[in-house]
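Student: Each residue of the sequence shown is one higher than the one before, counting from 687 in the working numbering. Glycine residues also receive a C-beta, built at the ideal position from the N, C-alpha and C atoms. Since the model is a prediction, treat every value here as computed from it, not as a measurement.
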Amino acid sequence: MTNLPVIAIDGPAASGKGTLGRRIAQALGFAHLDTGRLYRAVGLGVLKRGEDPADPAAAIRGVQALDLSLLEDPALKSDKTGGAASKVAAIQEVRDALLDFQRNFAAHPPGGKGAVLDGRDIGTVICPDASVKLYVTATAEIRARRRFLELQAQGSARTEEQVLIDIKTRDARDMGRTVAPLRQAADAHLLDTTHLDIEAAVARALEIVRAGLQP
Ligand code: CDP
């Protein structure tokens, strides 16, 4: 058993938890795992086989046949893949299959100093004993605006209205599912980034994390 510090970051789509996770890991010299990429890779594999990510049998086949090279696929970050990810993520067997990998990363992070994991159920299911838990959120409108600008920079033709609908649909699915629904853990610190730019959000998150890591 190792007892290295673990930082758990959860929150809804486009809340900024990925960027925060990366920046916190950099600042502390910890390893970072964006767990959403695992669910996205499963969803993308199902789409590439022409199957329906909402079909439990197809989702289970997808996680059993998970091709890790999909983690580098340019389509991984698309909204279509995000939608497929949130469908396969509602299936218990898919979550069970990804559990050991995530817990193992937290217990034995590359670099051996500590781990930052971000996702939807890190503080509630994957690492309930994490050293510090953050729940990062912002209004759906602000999150849609940020995601829209990101997609636009990548050449996507999706409108801001469409992105807002995608985000609300995914939030409802992630919060409403029976298996590991997205929710704030009782001992998580709430970080609302609605009125914070990324630098201000990183500074606030680091304050919370450093205070939480004090013996
Ligand atoms: O970056 P964004 O917030 O848009 O999404 P993501 O973190 O890449 O996650 C994509 C989808 O995977 C989410 O909508 C969740 O349904 C699912 N997911 C999950 O269920 N549990 C996690 N720990 C991480 C992601």
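Could you tell me the distance, in whole angstroms, from the CA atom of T845 to the CA atom of E836?
Tutor: One C-alpha to the other measures close to 12 Å.
Student: Check each candidate in Q778, G898 and D878 and name the one with the smallest Cα separation from S701.
Tutor: Here the closest residue by C-alpha is D878.
Student: Kindly confirm or deny that the segment 879 to 897 and the segment 784 to 798 touch, where touching means at least three C-beta pairs closer than 8 Å.
Tutor: No: fewer than three Cβ pairs fall under 8 Å.
Student: Would the beta-carbon of G707 be found less than 7 Å away from any heavy atom of ligand 1?
Tutor: Not so, every heavy atom of ligand 1 lies at least 7 Å from the Cβ.
Student: Could you tell me which of A872, L756 and T767 sits nearest to D852, measuring between CA atoms?
Tutor: Ranking A872, L756 and T767 by Cα distance to D852 puts T767 first.
Student: Only counting the same chain, and skipping five residues up and downstream in sequence, which positions put a Cβ closer than 7 Å to that of K683?
Tutor: Past the edges of the chain, shown from 687 to 901, lies residue 683, and the structure says nothing about it.
Student: Can we count G841 as close to ligand 1, meaning its CB is less than 7 Å from some heavy atom?
Tutor: Every heavy atom of ligand 1 is 7 Å or more from the Cβ of G841, so no.
Student: Compute the Euclidean distance between the alpha carbons of A770 and D782, then round it to the nearest angstrom.
Tutor: In a straight line, the C-alpha of A770 is about 18 Å away from that of D782.
Student: When we look at the beta-carbon of D860 and count the other beta-carbons within 10 Å, is it buried (16 or more) or exposed?
Tutor: Classification of D860: buried, given that the 10 Å Cβ count is 16 or more.
Student: In whole angstroms, give me the CA-to-CA distance for R833 and D741.
Tutor: Near 27 Å, if we compare the C-alpha coordinates of D741 and R833.
Student: Hey, is T721 close to ligand 1, as in C-beta under 7 Å from one of its heavy atoms?
Tutor: Because some heavy atom of ligand 1 lies under 7 Å away, the Cβ of T721 counts as near it: yes.
Student: Which residues in the same chain as H718 place their Cβ atom closer than 6 Å to its Cβ, once the five residues preceding and following it in sequence are excluded?
Tutor: Around H718: G707, R708, A711 and V802.
Student: Give a yes or no on contact between the segment 725 to 735 and the segment 749 to 763, applying the rule of three or more CB pairs nearer than 8 Å.
Tutor: Counting Cβ pairs under 8 Å, three or more are found: they touch.
Student: Tell me the DSSP secondary structure of K819 in three-state form.
Tutor: In this structure, K819 counts as strand in the three-state DSSP scheme.
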